[in-house]
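Asks:
Numbering (my numbering), first residue to last: 1 to 266.
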């Protein structure tokens with residue numbers, strides 16, 4: 001306990017904690033969007049349960065990974081190399097490479113899954129012809145399987161986002177208590193925001209398409225990262241924030257139009 005008090009007596013530790021908390025919350029947005037979209041595919045009485053279970057699994061996975069930091073850091077060690085590199089970039093580093101670590105392979109697999117899932121959901125949103133999809137919420141005979149399938153898919157993406165989250169934490173600080181506090185805080189924020197975000201997405205169909213577009217972009221970035229093409233996260237979240245801002249303006253415009261139409265109706 002004395003060591004913890006001594007640790008947090010250092011202003012630099014507090015600065016690292018605040019910075020890491022913000023980073024973990026931002027990184028959790030990707031995870032939360034996926035959970036919200038997938039849980040909205042379930043019957044209404046199972047949606048909140050799926051969201052809470054999915055976020056709880058994310059917390060358990062992050063804390064478990066924190067207890068195995070040495071193993072997590074080892075995931076960045078090269079596993080094999082195909083010997084292919086891109087042309088040198090502005091700073092002399094290759095634009096892409098095929099020297100893969102376990103982290104790279106996990107990111108590529110997670111990115112491919114996100115691209116596949118987002119593309120499938122976009123197709124389902126555009127073409128709503130009834131199908132045999134287990135996640136089709138109109139088919140009451142597969143409710144139990146649908147819930148299990150949703151949790152399984154959430155668990156897969158929790159693993160990908162958790163590894164990315166913990167590696168970010170390891171890169172920013174060496175203090176385990178700081179990592180734990182930042183991770184727990186980010187998951188609590190996810191838990192608080194889950195229901196309002198999912199309900200907002202459900203009420204606004206155009207937001208669903210925007211969120212699926214975000215997932216496509218995130219999936220592509222994960223794949224690129226796995227191949228050594230590092231896209232600055234600031235660009236990604238700036239683009240997401242700008243798109244979300246434009247969509248909010250569209251929503252306000254539609255609400256204003258409905259209000260005017262209501263006033264002019266005799």
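Glycine included, every Cβ here is placed at the ideal spot set by N, Cα and C.
(1) Taking C-beta to C-beta, are residue 27 and residue 165 nearer than 7 Å?
(2) Rounded to whole angstroms, what's the CA-CA distance from residue 207 to residue 201? Just pull it up for me.
(3) Between the alpha carbons of residue 141 and residue 54, how many angstroms are there, rounded?
(4) Given a cut-off of 7 Å on the beta-carbon distance, is the pair residue 20 and residue 220 in contact?
(5) For residue 33, which residues from the same chain have a beta carbon less than 7 Å from its beta carbon, with the 5 sequence-adjacent residues on both sides left out?
(6) Residues in the same chain with beta-carbon distance under 7 Å from residue 237, minus the five sequence neighbours each way, listed in chain order, please.
(7) Which ranges does the alpha helix (DSSP H) cover as unbroken runs of at least 4 residues, wholly within the region 47-128, from first to last along the chain?
(8) Helix, strand or coil: which one does DSSP assign to residue 183?
(9) Since residue 155 and residue 57 should fall inside the 8 Å C-beta cutoff, what is the C-beta to C-beta distance between them, to a whole number of angstroms?
(10) By the three-class DSSP mapping on this structure, what secondary structure does residue 242 have?
(11) Would DSSP call residue 250 helix, strand or coil?
(12) Which class does residue 228 belong to by DSSP, given the choice of helix, strand or coil?
(13) Are the beta-carbon atoms of residue 98 and residue 108 separated by less than 7 Å?
(14) On the criterion of 16 or more Cβ atoms from any shown chain inside 10 Å, does residue 146 qualify as buried, or is it exposed?
(15) Determine the extent of the alpha helix (DSSP H) in which residue 164 is found, giving its start and end residues.
(16) If you count every other CB in all the chains shown that lies within 10 Å of the CB of residue 117, and 16 or more means buried, which is it?
(17) Just confirm the distance between the C-beta atoms of residue 187 and residue 62, as a whole number of angstroms; I'd bet it's less than 8 Å.
(18) Please identify the residue among 245, 168, 64, 258 whose C-alpha is closest to the C-alpha of residue 233.
(19) Count the other CB atoms, across all protein chains shown, that sit within 10 Å of the CB of residue 111; report buried if there are 16 or more and exposed otherwise.
(20) Would you mind sorting residue 15 into buried or exposed? The rule is 16 or more other CB atoms within 10 Å of its CB.
(21) Do you know how far the Cα of residue 158 is from the Cα of residue 31?
Replies: In short:
(1) With contacts defined by Cβ atoms closer than 7 Å, residue 27 and residue 165 form a contacting pair.
(2) Rounded to the nearest whole angstrom, the CA to CA distance from residue 207 to residue 201 is 6 Å.
(3) Annotation note: pLDDT 37 at residue 141 (below 50); position unreliable, coordinate value reported separately. Looking at the two C-alpha atoms, the distance is approximately 23 Å.
(4) Against a cut-off of 7 Å, the Cβ pair of residue 220 and residue 20 comes out as no contact.
(5) Correct list, in chain order: 211, 214, 215.
(6) Counting only residues of its own chain and dropping the five nearest sequence neighbours on each side, residue 237 has a CB closer than 7 Å to the CB of 26.
(7) If one requires a minimum length of 4 residues, the alpha helix (DSSP H) runs lying completely within the region 47-128 are 69-74, 102-126, in chain order.
(8) Helix, per DSSP.
(9) Contact annotation, residue 155 with residue 57: C-beta distance approximately 6 Å; criterion of less than 8 Å satisfied.
(10) Of the three classes helix, strand and coil, the one that applies to residue 242 here is helix, per DSSP.
(11) Residue 250: helix per DSSP, three-state reduction.
(12) Assignment of residue 228 by DSSP, reduced to helix, strand and coil, places it in the coil class.
(13) Taking 7 Å as the Cβ cut-off, residue 98 and residue 108 do not qualify as a contacting pair.
(14) Buried, by the Cβ-count rule.
(15) Looking at the DSSP string, the run of the alpha helix (DSSP H) that includes residue 164 is 143-172.
(16) Residue environment analysis places residue 117 among the buried positions, since at least 16 neighbouring C-beta atoms fall within 10 angstroms of its C-beta.
(17) Going by Cβ atoms, the distance from residue 187 to residue 62 rounds to 7 Å, so yes, they are a contact pair.
(18) Out of 245, 168, 64, 258, 168 has the C-alpha closest to the C-alpha of residue 233.
(19) Counting Cβ neighbours within 10 Å, residue 111 comes out buried, since at least 16 surround it.
(20) The residue is exposed, with fewer than 16 neighbouring Cβ atoms inside 10 Å.
(21) Answer to the nearest angstrom: the Cα atoms are 7 Å apart.
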